[in-house]
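Note sheet for the following structure.
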Amino acid sequence: MTDNDAVREAVRLLRGARRVVISSGAGISKESGVPTFRDAHDGLWARFQAEELATPWAFERDPDLVWSWYMYRYELIKQVKPNPGHYAVAEMEDLFDEVVVLTQNVDGLHWVAGSTDVVELHGNIQRFKCSKPCRGKTAYVYLDTLDYTTETAPPCPHCPEGGVVRPDVVWFGESLPTWAIERAYTTAARCDVMLVVGTSGTVQPAASLPSMAREQGARIIEVNPQETLISRFAHVALRGPSGEILPALVTAYREENV
Ligand code: APR
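If you want it as structure tokens, here you go:
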């Protein structure tokens, strides 16, 4: 299938769809300058794997190392902007009755681009909380109110148990928020089309959403420059960067549906 044939096929699958889900991963933010997790890296953090740092055990063992890594990503994400891929996803709300974004990304860029229904499965890096069940409940911490450095995890200002501040993201070995995973399963089960954008499909439970949607009758469109573990569930694969493919898909859809 040529690239044009693939886009035409994707438009055909989208025609008549009412409920569309976008399941996104780190690849959609790559063109905004946010590094993905599993592509080759260079620079300061290249020798660390996400799986080694993004765990409660790593944080317990060396909170300052994990804090520094998140501060590096936090500072970077504060400066980036959505790219045409995020804007194309937001624009899809004009084209279909229901568009839900299920994202593994913690950068908040779908909100910034204007999407109005975003489920952040892995949390948000710009939100912080106590590392302990501070006074029995999650205690959120506003970083701007703290005296902190990017090298040392600061103490939680509320905690009687000596907890420290951590990002409100889901680490390996932790559960996703119940409301988020329930929403993800229900929207995946009832969508007409799922676009799976910029994820390697290696991390559960997000990785199983496309096969689950397909079993319930949804059409699956993958947008990724590489073949992935999701590809075998896809009815059509659009190979290329999402910042180019998604706007082209929206334009082609509009042209065929005027
Ligand atoms: N456009 C679309 N996809 C791209 C682009 C691009 N411009 N560039 C790279 N990709 C693809 C890669 O081919 C790869 O398949 O994005 C994918 C990124 O995969 P990962 O780095 O594994 O990211 P993701 O799937 O989101 O990781 C899932 O793992 O470390 C955890 O919690 C973290 O949410 C993250 C989860």
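For the sequence shown, numbering that gives the first Met the number 0 assigns the number 0 to the initial residue and increments by one for each residue that follows.
Every residue, glycine too, gets a C-beta built ideally from N, C-alpha and C.
To which residues of the same chain is residue i closer than 8 Å at the C-beta, ignoring the five residues directly before and after it?
i           : result
aspartate 2 : Leu237, Arg238 and Gly239
Contact check, residue i vs residue j under 8 Å by CB: the rounded distance?
i             : j             : result
arginine 213  : valine 192    : With a Cβ gap of about 11 Å, arginine 213 and valine 192 do not count as contacting.
leucine 101   : leucine 120   : 6 Å
valine 163    : serine 199    : Not a contact, Cβ separation roughly 31 Å.
isoleucine 76 : aspartate 106 : 5 Å
Shorter than 7 Å, the distance from the beta carbon of residue i to the closest heavy atom of the ligand APR, or not?
i                 : result
valine 242        : Per the sequence presented here, residue 242 reads as glycine, with valine not at that position. Correct: glycine 242 has its Cβ closer than 7 Å to the ligand APR.
proline 199       : Inspection of the sequence shows that residue 199 is occupied by serine rather than by proline. Yes; taking the cut-off as 7 Å, the Cβ of serine 199 has a heavy atom of the ligand APR nearer than that.
asparagine 223    : yes
proline 103       : Looking at the sequence shown, residue 103 is not proline but glutamine. Indeed, a heavy atom of the ligand APR lies less than 7 Å from the Cβ.
phenylalanine 259 : The structure shown does not extend to residue 259, since the chain is modelled only from 0 to 257, so the question has no answer here.
phenylalanine 47  : no
alanine 16        : no
aspartate 38      : yes
valine 196        : yes
glycine 26        : yes
histidine 121     : yes
valine 202        : yes
lysine 29         : yes
Output needed for residue i: all residues of its chain with C-beta closer than 6 Å, excluding positions within five of it in sequence on either side, in chain order.
i              : result
valine 98      : Val19, Met91 and Glu92
alanine 188    : Gln215
alanine 179    : Val118 and Leu120
tyrosine 86    : Ala112
threonine 186  : Val20 and Val99
asparagine 256 : none
isoleucine 244 : Val222 and Leu237
aspartate 61   : none
Identify, in the order they occur along the chain, each residue of the same chain with its Cβ nearer than 7 Å to the Cβ of residue i, setting aside the five sequence neighbours on each side.
i             : result
threonine 137 : Lys128
alanine 183   : Leu101, Val118, Leu120 and Leu208
methionine 70 : Thr149
alanine 57    : Glu51 and Val65
Would you report the Cα separation of residue i and residue j, rounded to the nearest angstrom?
i              : j                : result
valine 65      : phenylalanine 36 : 15 Å
arginine 134   : proline 159      : 7 Å
threonine 258  : glutamate 59     : With the chain covering only 0 through 257, there is no way to say anything about residue 258.
arginine 10    : alanine 251      : According to the sequence as given, residue 10 is valine; it is not arginine. Each residue's Cα considered, the two are about 7 Å apart.
serine 241     : aspartate 143    : 34 Å
asparagine 104 : arginine 17      : 25 Å
proline 224    : aspartate 146    : 42 Å
serine 230     : aspartate 63     : 38 Å
tryptophan 170 : alanine 53       : 5 Å
serine 174     : proline 166      : 15 Å
**OP:** Scan the stretch 51-84 and note each continuous alpha helix (DSSP H) run of 4 residues or more that stays entirely inside, going in chain order.
**Re:** Unbroken alpha helix (DSSP H) runs of no fewer than 4 residues, entirely contained in the stretch 51-84, are found at 55-60 and 62-78, following chain order.
Subject >> Inside the stretch 130-185 only - beta strand (DSSP E) runs reaching at least 3 residues >> reply: Qualifying beta strand (DSSP E) stretches, in chain order: 164-168.
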